[in-house]
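*Asks:* Before anything else, here's the structure in question.
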């Protein structure tokens with residue numbers, strides 16, 4: 001990590017200059033190429049298959065399978081939700097459209113819209129009662145829901161045809177032309193919807209929605225910390241997935257012209273899981289590669305005396321050994337390897353002379369320099385606000401962790417919160433930010449905020465970091481910081497998913513602001529590196545940068561100096577002092593007394609969940625009660 005702001009006249013850090021390897025990456029990953037590639041491949045497949053009825057049938061089945069796999073990729077690959085009810089949602093879409101056409105004479109196109117809507121609502125209804133379940137219990141409950149609904153459907157003969165199924169499904173028409181399943185005309189219908197699905201998934205991948213869904217998978221608390229409701233994001237994932245699954249079901253029913261409940265059985269679920277694993281979850285091309293892999297393995301099994309299980313097993317084993325991200329993940333890693341061979345990652349440790357200059361620098365000079373560097377990026381708080389904590393208590397079972405604590409802090413003030421391990425410091429922060437239930441009162445200005453959801457407090461102007469940096473490992477540092485801009489932006493999830501012009505403008509503005517913050521914290525050269533590859537001290541600064549994207553009035557820092565070198569702690573201290581100079585209110589929890597002394601105006605000391613001292617650091621640390629409680633020296 002390089003030193004921040006030792007020279008206040010130094011130019012702002014810039015991103016590395018483009019290299020030839022970057023050109024390769026841009027050529028392979030540019031958004032326009034991705035938008036064109038999908039429809040181009042669909043057209044080529046249609047033209048190549050047009051001379052052979054078997055290939056047309058195979059291609060039609062393949063594009064429908066792609067839509068279903070893309071639906072599962074949204075909810076499982078991106079959001080990490082192991083929803084095993086998706087196959088019955090697929091079946092409900094199919095049976096609903098057929099039921100409307102056969103029983104009520106509703107044409108194909110209106111029945112398609114209604115069926116997709118029903119599948120979407122059904123998927124949301126699955127999401128609500130499964131909220132908060134861990135992966136295992138979520139899988140069990142969604143599978144149980146699917147089995148229960150299948151039992152209801154098999155006994156609803158008018159809807160599903162019972163054990164016999166539904167025959168004589170009407171052919172779709174388009175301007176008077178009948179589109180027959182297995183013929184080229186139907187392939188073009190399925191390919192059109194496959195293109196729409198591809199475009200939707202691509203736009204999600206390129207938009208803020210991907211960052212939100214990835215955060216939901218890797219760390220839901222991070223979403224709340226940037227002002228996004230994890231529950232709402234989860235509902236969006238279920239809704240999008242359900243809509244696409246319903247669409248795939250409608251297309252499949254009119255492709256087969258005969259459907260029964262066995263079509264949407266456990267076997268279909270296994271095939272779907274295989275496609276997701278083989279293709280690569282969380283990659284927008286994962287469903288494409290997954291379906292191709294399944295089709296190829298099916299054809300190989302036909303050529304090897306129906307040894308389907310053996311072919312599937314060998315294929316999965318090879319992919320698990322070679323790459324954890326499936327085919328798409330393997331290709332992505334290959335591209336990154338080619339790029340980074342010519343552009344080494346930034347060095348993680350400071351040069352010795354940098355560390356020496358940091359150690360010798362006057363703290364006041366460092367603070368002035370960092371304040372200068374952050375002046376443009378950090379918006380000064382132009383309002384006098386105060387947080388009043390009154391008689392707050394938190395109990396876990398029969399144990400009281402925080403006992404009638406009262407304290408206050410204002411904008412422009414840096415206060416410290418110290419105490420021995422188990423004193424209740426982090427629990428008190430959790431009570432203020434709504435992470436644990438508490439009694440008492442916490443007021444922000446004139447508003448009572450105790451018990452408010454964490455995402456609401458963020459929008460009210462209170463940000464926080466955590467004992468262990470909560471960043472999204474698979475996202476770059478830039479994307480981790482941009483996530484905060486996604487949370488407080490005015491563009492909703494619908495326009496974000498479609499990557500509307502407003503969403504694009506918001507993303508551009510957020511990217512520029514995030515890059516400025518990273519540059520001012522001397523992290524610009526790491527902006528495009530993934531968080532999981534970064535040292536601990538860098539992640540601490542990324543958490544602070546992400547909070548600064550929110551323009552908070554108050555920032556609660558939970559042990560930002562833990563696990564850092566002395567050099568890195570001085571950087572944190574300088575940053576904290578600079579934030580106070582910009583009139584932010586900062587609450588600093590840490591065990592490092594030099595850090596507390598150098599950064600804080602006042603200090604509160606907790607012991608056994610109670611405040612035992614308060615005042616300027618030098619005075620507080622001289623009190624015998626504090627020495628006895630905190631340092632373990634008997635009085």
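Residue numbers (full-length UniProt numbering): 1 to 635. Heads up, the beta-carbon is just placed ideally off N, CA and C, and yes, glycines get one too.
Pull up the distance between the alpha-carbon of residue 53 and that of residue 299, whole angstroms please.
*Replies:* Translated into the one-based positions of the chain shown, residue 53 becomes position 53. Translated into the one-based positions of the chain shown, residue 299 becomes position 299. Roughly 16 Å separates the two Cα atoms.
*Asks:* Have a look at the DSSP bridge pairing and note the partners of residue 613.
*Replies:* For the purposes of this step, residue 613 is taken as the residue at position 613 of the chain shown. BP columns for residue 613 point to 605.
*Asks:* Tell me, please, which residues DSSP counts as bridged to residue 414.
*Replies:* Residue 414 sits at position 414 when you count from the first residue of the chain shown. Answer is 586, bridged to residue 414.
*Asks:* Which residue's Cα is closest to the Cα of residue 218: 474, 406 and 452?
*Replies:* Position 218 of the chain shown holds residue 218. Checked all of 474, 406 and 452; the closest Cα to residue 218 is 474.
*Asks:* Quick one: is residue 639 buried, meaning 16 or more other Cβ sit within 10 Å of its Cβ, or exposed?
*Replies:* With the chain represented from 1 up to 635, any question about residue 639 goes unanswered, as that position is not in the structure.
*Asks:* Check whether the Cβ atoms of residue 237 and residue 86 lie closer than 8 Å to each other.
*Replies:* Walking along the chain shown from the start, residue 237 turns up at place 237. Walking along the chain shown from the start, residue 86 turns up at place 86. Cβ distance not < 8 Å, so residue 237 and residue 86 don't count as in contact.
*Asks:* Return helix, strand or coil for residue 258, following the three-state DSSP convention.
*Replies:* In the chain shown, counting from the first residue as 1, residue 258 sits at position 258. Residue 258 falls in the coil class under three-state DSSP.
*Asks:* Please name the residue, chosen from 564, 580 and 139, that lies closest to residue 541 on a Cα-to-Cα basis.
*Replies:* On the chain shown, residue 541 is found 541 positions in, with the first residue counted as 1. Residue 541 has its Cα closest to that of 564, out of 564, 580 and 139.
*Asks:* By the three-class DSSP mapping on this structure, what secondary structure does residue 440 have?
*Replies:* Within the chain shown, residue 440 is the residue found at index 440, counting from 1. Strand.
*Asks:* Assuming residue 280 contacts residue 204 under a Cβ cut-off of 8 Å, what Cβ separation, rounded to an integer in Å, is found between them?
*Replies:* As a working mapping, residue 280 is identified with position 280 in the chain shown. As a working mapping, residue 204 is identified with position 204 in the chain shown. Not a contact, Cβ separation roughly 16 Å.
*Asks:* Could you give the distance in angstroms between the alpha-carbon of residue 509 and the alpha-carbon of residue 233?
*Replies:* The count along the chain shown starts at 1 and reaches residue 509 at position 509. The count along the chain shown starts at 1 and reaches residue 233 at position 233. Taking the straight line from one Cα to the other gives about 22 Å.
*Asks:* Would you identify the three-state DSSP class for residue 636, choosing helix, strand or coil?
*Replies:* Residue 636 falls outside the range modelled here, since the chain spans only 1 to 635, and no answer is possible.
*Asks:* In angstroms with no decimal places, state the Cα-to-Cα distance between residue 493 and residue 67.
*Replies:* Counted from its first residue, the chain shown places residue 493 at position 493. Counted from its first residue, the chain shown places residue 67 at position 67. Rounded to whole angstroms, residue 493 to residue 67 spans 21 Å at the Cα level.
*Asks:* Pull up the DSSP beta-bridge partners for residue 165, would you.
*Replies:* For the purposes of this step, residue 165 is taken as the residue at position 165 of the chain shown. DSSP output for residue 165 lists no bridge partner at all.
*Asks:* In the DSSP assignment, find the beta strand (DSSP E) that holds residue 389 and state where it starts and stops.
*Replies:* Looking up residue 389 in the chain shown gives position 389. 386-396 is the extent of the beta strand (DSSP E) around residue 389.
*Asks:* If you pair each beta-carbon of the stretch 269-288 with each one of the stretch 111-124, do three or more pairs fall below 8 Å?
*Replies:* Touching, no.
*Asks:* Comparing alpha-carbon positions, which option in 484, 477, 568 and 426 lies nearest residue 552?
*Replies:* On the chain shown, position 552 is the one that residue 552 refers to. Checked all of 484, 477, 568 and 426; the closest Cα to residue 552 is 484.
*Asks:* Provide the residue(s) that pair with residue 555 in DSSP beta bridges, ordered along the chain.
*Replies:* Position 555 of the chain shown, counting from 1, holds the residue named residue 555. Its beta-bridge partners are 463 and 586.
*Asks:* Considering residue 430, what are the terminal residues of the alpha helix (DSSP H) in which it resides?
*Replies:* Reading the chain shown from its first residue, position 430 is the one you call residue 430. From DSSP, the alpha helix (DSSP H) with residue 430 extends over 425-432.
*Asks:* Using the rule of at least 16 other Cβ atoms within 10 Å of the residue's Cβ for burial, across every protein chain shown, is residue 624 buried or exposed?
*Replies:* Translated into positions along the chain shown, residue 624 becomes position 624. Residue 624 should be labelled exposed.
*Asks:* So which of 584, 41 and 397 has the shortest CA-CA distance to residue 411?
*Replies:* Here residue 411 is taken as the residue at index 411 of the chain shown, counted from 1. It is 584.
*Asks:* Note down the Cα distance separating residue 284 from residue 212, rounded to an integer number of angstroms.
*Replies:* Position 284 of the chain shown, counted from the start, is the residue given in the question as residue 284. Position 212 of the chain shown, counted from the start, is the residue given in the question as residue 212. Taking the straight line joining both Cα atoms gives about 15 Å.
*Asks:* Go through its chain and collect everything with a Cβ distance to residue 423's Cβ below 6 Å, but skip five positions before and after it.
*Replies:* Against the chain shown, residue 423 aligns to sequence position 423. Same-chain partners within the cutoff: 606 and 607.
*Asks:* The alpha helix (DSSP H) with residue 523 in it runs from where to where?
*Replies:* Your numbering for residue 523 matches position 523 in the chain shown. Counting along the chain, residue 523 falls outside any alpha helix (DSSP H), and DSSP gives it neither H nor E.
*Asks:* In whole angstroms, what is the alpha-carbon distance linking residue 162 and residue 154?
*Replies:* In the chain shown, the residue the question calls residue 162 occupies position 162. In the chain shown, the residue the question calls residue 154 occupies position 154. Distance between the alpha carbons of residue 162 and residue 154: 4 Å.
*Asks:* Residue 407 by DSSP, collapsed to three states: which one?
*Replies:* The residue labelled residue 407 in the question sits at position 407 within the chain shown. Here residue 407 sits in strand by DSSP.
*Asks:* Using the Cα positions of residue 616 and residue 594, report the straight-line distance between them to the nearest angstrom.
*Replies:* Locating residue 616 in the chain shown gives position 616, counting from the first residue. Locating residue 594 in the chain shown gives position 594, counting from the first residue. C-alpha separation (whole angstroms): 13 Å.
*Asks:* Please return the same chain residues whose Cβ sits closer than 6 Å to the Cβ of residue 89, not counting the five positions on each side in sequence.
*Replies:* Residue numbering aside, residue 89 sits at position 89 when the chain shown is read from its first letter. These residues qualify, in order along the chain: 119, 122, 123, 242 and 245.
*Asks:* Return yes when the Cβ of residue 214 is within less than 8 Å of the Cβ of residue 76, no when it is not.
*Replies:* Within the chain shown, the letter at position 76 stands for residue 76. Within the chain shown, the letter at position 214 stands for residue 214. Not closer than 8 Å, so no.
*Asks:* Just tell me which of 573, 516, 260 and 601 has its CA closest to the CA of residue 168.
*Replies:* As a first step, residue 168 must be located in the chain shown, where it is residue number 168. Cα-wise, what sits closest to residue 168 is 260.
*Asks:* Over what stretch of residues does the alpha helix (DSSP H) that includes residue 46 continue unbroken?
*Replies:* Counting from 1 along the chain shown, the entry for residue 46 is found at position 46. 31-49 is the span of the alpha helix (DSSP H), which, as asked, contains residue 46.
*Asks:* Consult DSSP for residue 199 and reduce its assignment to one of helix, strand or coil.
*Replies:* Position 199 of the chain shown, counted from the first residue, corresponds to residue 199. Three-state result, residue 199: helix.
*Asks:* Which one of 453, 511 and 460 has the shortest CA to CA distance from residue 480?
*Replies:* For the purposes of this step, residue 480 is taken as the residue at position 480 of the chain shown. That would be 511, whose Cα lies nearest to the Cα of residue 480.
*Asks:* Sorted by chain position, which residues of the same chain lie with C-beta nearer than 7 Å to residue 193's C-beta, five sequence neighbours on each side aside?
*Replies:* Translated into positions along the chain shown, residue 193 becomes position 193. If we look at residue 193 and ignore the five residues flanking it on each side, its Cβ neighbours are 67, 247 and 251.
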